[in-house]
Amino acid sequence: MSLLDIILVAVRVAFAAFIPLCFIAVCVWMERRGAGFFQDRAGPNRANIFGFRAAGLVQNLADGAKLFFKEDVISDHIKHKFYFVLAPLIVFFAALVSFAVVPFADTLVLNGKSYIMQGIPIDIGILWFLALAGFGVYGIILAGWSSRNKYGLLGGVRSAAQVISYEIPMGLAIVSLLVVYGTVNLNEMAQFQGKLLFGFIPMWGIILQPLGFMIFLIAAFAETNRTPFDLAEGESEIVAGFHVEYSAMKFAIFFMGEYIAMFASSAIIVTLYFGGYQIPFLATDTLISYAKPIAFLLMLGLPAGMYFFAGWIRRNNVSHYPRENDPRVYEANIYIKCFWGLVIVLELFLFALLLCQSEGSAAHIFVVLLQVSTFLLKVTMMIFVYIWVRWTLPRFRYDQLQKLGWQVLLPLALLNIFITGAIVVALS
Amino acid sequence: MSAKVKTMERKGASFSEKIYFVEIFRGMATTFGHFWKNLLDNSKLYVRHYPEVEPEIPVRWRGRHRLTSHDDGTVKCVACFMCQTNCPANCIAIEAGERLDGKAEKMPATFTIDLLECIYCGYCVEACPLDAIRMDTGIYSVTDNNRESFVLGLEELLQTPGAFSEEEYKKGGA
């Protein structure tokens, strides 16, 4: 292995391990500020460091510090302390590792060697995700059981029943997707979605499989224990369900595991149905051959976008009550300067790319970075959909949940396989 | 007279409502409207910027307690124990003492209110025959670091001024 190989392995493992962790902060922030805006209130915006609130992101630090220093209570009535402590770790790691097979950029070709851009370079792809997403629920069941508490146990049992009901439609939705793509490798699926249907529509999974997408989306919501399917922790009925006995960092690990699961599940939805890292109408080959014009367009677009973004910051980062020498105006000016600095750095990078003579490695790396940004943007938008749904829909009643799973989604998923199969056979 | 009967329309029976999706998307459009409006311009949020902008306290609002005094500065309370007897939270403790200023026979030697016990029901104000205890200080934020400072004594209760004028207070219907 050359040095380049080792660096690229380190980069992709670091990406697969740390991006989900970074996204915890982003998810929690989006959830809380988003919830605020959905309900016409502000959300957390007071915590600050030297007056800098970073739009409420500092609140995450405060919450983290609080959870970290809280007393770690394990009640005396808990007999199996090992399982009790193990449960949140299962949830957390199963969620974290399930992201490892998601490709975040197309295969990078450097000096004639190709490097796969996913955490673990294995071909089983979607099967790995299904296995680990299902495994995460064991943590919840184990937590409910080892809590020795009727609410905890009820939460765990609900979660188990819910997973049994929704793994089947999810698996069947994926089966019809596999019929279309003809592979379980997520990178090949993403490459497939770079093509165009009838020459002008991006061949994304959602266009080929609209019904399958809806089924998969609903099942994914159920799988990540998000509203409207968060019956495992229905606080109005069973207090907090499976994590009722958990406090401090053990609770925080559950909490973070839930958000990582949300991130991983968004990443899978994006990869399966929204073209993964593909930019619509610009497949990887096109991107590489037109790297310089695209870089030039970006150089024009970035300052224009930044101009409007700066205006938005200046309008919204002020105190909405009479206040002398408003410190928030000063704060906004600092943010705007930081963002302009960032834009200038990016411009310099793009300019360096324009000056670069070789069409080879620089363009390839540029395309990979472009695709990583596209992928993360799509995932962020999918996470926003999760949050949006959470703050719109009420929780399902338990019998309605089971009815939806068995009597609606399961027949629909079977019908979807039948239709897909018929069309694929007819076309081939 | 016959009772007015209003028949409520039962929702959720039609086909488009039963398949959930149409209604879900309509609901999501509504919430997204709110989100987008607030994201573009956060000046119209329905919030009070609390520590900086304080709420307006109406006259009838039950805030922290105080004891009133006569014009010459003597305490109105005659230690009749009405408020202590009435208090559902048992937060008032009075010790009566002899009164030498000629206004009455008794006066409180000590009068303590434990604010950590108090439920701010206002029964003490209702029970007082002499208008000696009031909750018109307008103090709504009672915070401190130690428990002892929440136990108010006679001096503290007497020194706290009322937040409203006498006319306003009377008009408030206390």
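Chains as they are written, first to last, in our numbering: chain A, 140 to 567; chain R, 23 to 196. Idealized CB from N, CA, C, for every residue including glycine.
Closer than 7 angstroms at the beta carbon, the chain R residues around R287 of chain A:
Reading the first sequence from its first residue, position 148 is the one you call residue 287 of chain A. In chain R, no part has a C-beta under 7 angstroms from the C-beta of R287 of chain A; the shortest such distance is about 34 angstroms.
Out of curiosity, what's the CA-to-CA distance linking V88 of chain R and E74 of chain R?
The sequence position of residue 88 of chain R within the second sequence is 66, counting from 1. The sequence position of residue 74 of chain R within the second sequence is 52, counting from 1. Correcting the residue type first, residue 88 of chain R is Arg in the shown sequence and not Val. For R88 of chain R and E74 of chain R, the distance between alpha carbons rounds to 26 angstroms.
Rounded to whole angstroms, how far is the Cβ of E117 of chain R from the Cβ of A131 of chain R, which I believe are closer than 8 angstroms?
Stepping through the second sequence from its first residue, residue 117 of chain R is reached at position 95. Stepping through the second sequence from its first residue, residue 131 of chain R is reached at position 109. Indeed, because the Cβ distance is near 5 angstroms, the residues count as touching under 8 angstroms.
Have a look at the DSSP bridge pairing and note the partners of R156 of chain R.
The residue you call residue 156 of chain R lines up with position 134 of the second sequence. DSSP, once it has assigned bridges, lists R:R88 as partnering R156 of chain R.
DSSP has A118 of chain R in a bridge; who is on the other side?
For the purposes of this step, residue 118 of chain R is taken as residue 96 along the second sequence, with counting starting at 1. For A118 of chain R, the pairing in a beta bridge is given by DSSP as R:P130.
Return the residue from the list A:R534, A:S458, A:L335, A:F355 that minimises the CA-CA distance to E372 of chain A.
Taking the first residue of the first sequence as position 1, residue 372 of chain A is located at position 233. Residue A:R534 is the option with its Cα nearest to E372 of chain A.
Quick one, are the C-beta atoms of V233 of chain A and G278 of chain A less than 8 angstroms apart?
Walking along the first sequence from the start, residue 233 of chain A turns up at place 94. Walking along the first sequence from the start, residue 278 of chain A turns up at place 139. For the sequence presented, residue 233 of chain A should be read as Ala rather than Val. Yes; because the gap between Cβ atoms is below 8 angstroms, this pair is in contact.
Run through DSSP, which three-state label would P341 of chain A get?
In the first sequence, the residue the question calls residue 341 of chain A occupies position 202. Collapsing the DSSP output to three states places P341 of chain A in a strand.
To the nearest whole angstrom, what separates the beta carbons of G251 of chain A and P341 of chain A, a pair I think is in contact under 8 angstroms?
Translated into positions along the first sequence, residue 251 of chain A becomes position 112. Translated into positions along the first sequence, residue 341 of chain A becomes position 202. P341 of chain A and G251 of chain A do not touch by the CB rule: their CB atoms are close to 30 angstroms apart, not below 8 angstroms.
Would you call the region 169 to 182 of chain A and the region 361 to 369 of chain A in contact, with 3 or more CB pairs under 8 angstroms?
No contact exists between the region 169 to 182 of chain A and the region 361 to 369 of chain A.
Are the C-beta of I79 of chain R and some C-beta of chain A separated by less than 8 angstroms?
Within the second sequence, numbered from 1, the residue matching residue 79 of chain R stands at position 57. Chain A contact via Cβ: absent.
Would you mind working out which of A:M388, A:F243, A:C166, A:S315 sits nearest F223 of chain A, comparing C-alpha positions?
In the first sequence, the residue the question calls residue 223 of chain A occupies position 84. Ranked by Cα distance from F223 of chain A, the first of A:M388, A:F243, A:C166, A:S315 is A:M388.
Determine which residues of the region 24 to 46 of chain R have a Cβ less than 9 angstroms from any Cβ of chain A, and write them out in chain order.
Contact residues of the region 24 to 46 of chain R toward chain A are I41, Y42, F43, I46 (C-beta to C-beta distance below 9 angstroms).
Please list, in chain order, all residues of the same chain as F339 of chain A whose beta carbon is under 7 angstroms from its beta carbon, the five residues on each side excluded.
Counted from its first residue, the first sequence places residue 339 of chain A at position 200. The beta carbon of F339 of chain A sits closer than 7 angstroms to no other beta carbon from its chain once the five residues preceding and following it are set aside.
Limits of the beta strand (DSSP E) - the one that S253 of chain A falls within:
The residue you call residue 253 of chain A lines up with position 114 of the first sequence. Looking at the DSSP string, the run of the beta strand (DSSP E) that includes S253 of chain A is 252 to 254.
By DSSP's criteria, I418 of chain A is part of a beta bridge. Which residues make up the other side?
Within the first sequence, numbered from 1, the residue matching residue 418 of chain A stands at position 279. Partner(s): A:L421.
Given this structure, state the Cα-to-Cα distance separating L67 of chain R from R185 of chain A, to the nearest angstrom.
As a working note, residue 67 of chain R is residue 45 in the second sequence. As a working note, residue 185 of chain A is residue 46 in the first sequence. Take the alpha-carbon of L67 of chain R and the one of R185 of chain A: they are about 15 angstroms apart.
CB contact below 8 angstroms: V21 of chain R versus chain A
This structure leaves residue 21 of chain R out entirely; chain R is present only between 23 and 196.
Under the three-state DSSP convention, the category V482 of chain A falls into
By 1-based counting over the first sequence, the position of residue 482 of chain A is 343. In the structure shown, V482 of chain A sits in a helix (DSSP, three-state: H, G or I).
Where I135 of chain R falls: helix, strand or coil (DSSP):
Your numbering for residue 135 of chain R matches position 113 in the second sequence. When DSSP states are grouped into helix, strand and coil, I135 of chain R belongs to the strand group.
Name, please, each residue of chain R whose Cβ falls closer than 7 angstroms to the Cβ of H459 of chain A.
Reading the first sequence from its first residue, position 320 is the one you call residue 459 of chain A. For H459 of chain A, the chain R residues whose Cβ falls inside 7 angstroms of its Cβ are S65, H71, in order along the chain.
Using 8 angstroms as the limit for Cβ to Cβ distance, is G49 of chain R near chain A?
For this step, residue 49 of chain R is matched to residue 27 along the second sequence. Taking 8 angstroms as the CB threshold, G49 of chain R lines the interface with chain A.
Buried versus exposed, by CB contacts within 10 Å (16 or more), E384 of chain A
For the purposes of this step, residue 384 of chain A is taken as the residue at position 245 of the first sequence. E384 of chain A counts as buried, since no fewer than 16 other beta carbons sit within 10 angstroms of its beta carbon.
Cβ-based neighbour list, K209 of chain A, same chain, cut-off 7 angstroms, excluding 5 preceding and 5 following
One-based indexing of the first sequence puts residue 209 of chain A at position 70. Here K209 of chain A has S386, A387 as same chain residues with Cβ atoms under 7 angstroms from its own Cβ, once five neighbours each way along the sequence are excluded.
Check L532 of chain A in the structure and name its three-state DSSP category.
Reading the first sequence from its first residue, position 393 is the one you call residue 532 of chain A. If DSSP states are grouped into helix, strand and coil, L532 of chain A belongs with coil.
Which of helix, strand or coil does DSSP assign to F186 of chain R?
The residue you call residue 186 of chain R lines up with position 164 of the second sequence. For F186 of chain R, the secondary structure class from DSSP, reduced to helix, strand or coil, is coil.
Beta-carbon gap between I556 of chain A and V323 of chain A smaller than 8 angstroms
As a working mapping, residue 556 of chain A is identified with position 417 in the first sequence. As a working mapping, residue 323 of chain A is identified with position 184 in the first sequence. Against a cut-off of 8 angstroms, the Cβ pair of V323 of chain A and I556 of chain A comes out as no contact.
Hey, does F186 of chain R have any beta-carbon neighbour from chain A nearer than 8 angstroms?
Position 164 of the second sequence, counted from the first residue, corresponds to residue 186 of chain R. Not an interface residue.
Grab me the residues of F207 of chain A's own chain with a C-beta within less than 7 angstroms of its C-beta, minus the 5 sequence neighbours each way, in chain order.
Here residue 207 of chain A refers to the residue found at position 68 of the first sequence. If you ignore the 5 residues before and after F207 of chain A, its C-beta comes within less than 7 angstroms of the C-beta of M388, all in its own chain and listed in chain order.
With burial defined as no fewer than 16 other Cβ atoms inside 10 Å of the residue's Cβ, what is the status of S405 of chain A: buried or exposed?
Residue mapping note: residue 405 of chain A aligns to position 266 of the first sequence, counting from 1. By the 10 Å Cβ count, S405 of chain A comes out buried.
Three-state secondary structure (DSSP) of I259 of chain A:
Locating residue 259 of chain A in the first sequence gives position 120, counting from the first residue. When DSSP states are grouped into helix, strand and coil, I259 of chain A belongs to the coil group.
Relative to the alpha-carbon of W284 of chain A, which residue among A:G273, A:A272, A:S298, A:L271 has its alpha-carbon at the smallest distance?
Counting from 1 along the first sequence, the entry for residue 284 of chain A is found at position 145. With distances taken between CA atoms, W284 of chain A lies nearest to A:S298 out of A:G273, A:A272, A:S298, A:L271.
Out of A:V484, A:F505, A:V482, A:G480, which has the shortest C-alpha to C-alpha gap to L492 of chain A?
Here residue 492 of chain A refers to the residue found at position 353 when the first sequence is read from its first residue. When each option's Cα is compared against that of L492 of chain A, the closest is A:F505.
List the residues of chain A that N60 of chain R touches, going by C-beta distances under 7 angstroms, in chain order.
Taking the second sequence and counting its residues from 1, the one referred to as residue 60 of chain R is at position 38. Chain A residues near N60 of chain R: F176, D179.
CB contact below 8 angstroms: T96 of chain R versus chain A
Counting from 1 along the second sequence, the entry for residue 96 of chain R is found at position 74. Against chain A, the CB of T96 of chain R has no partner CB under 8 angstroms away; the residue lies outside that interface.
Using CA atoms only, rank isn't needed, just tell me which of A:G351, A:W343, A:R454, A:R287 is closest to H216 of chain A.
On the first sequence, position 77 is the one that residue 216 of chain A refers to. In terms of CA proximity to H216 of chain A, A:R287 leads the group A:G351, A:W343, A:R454, A:R287.
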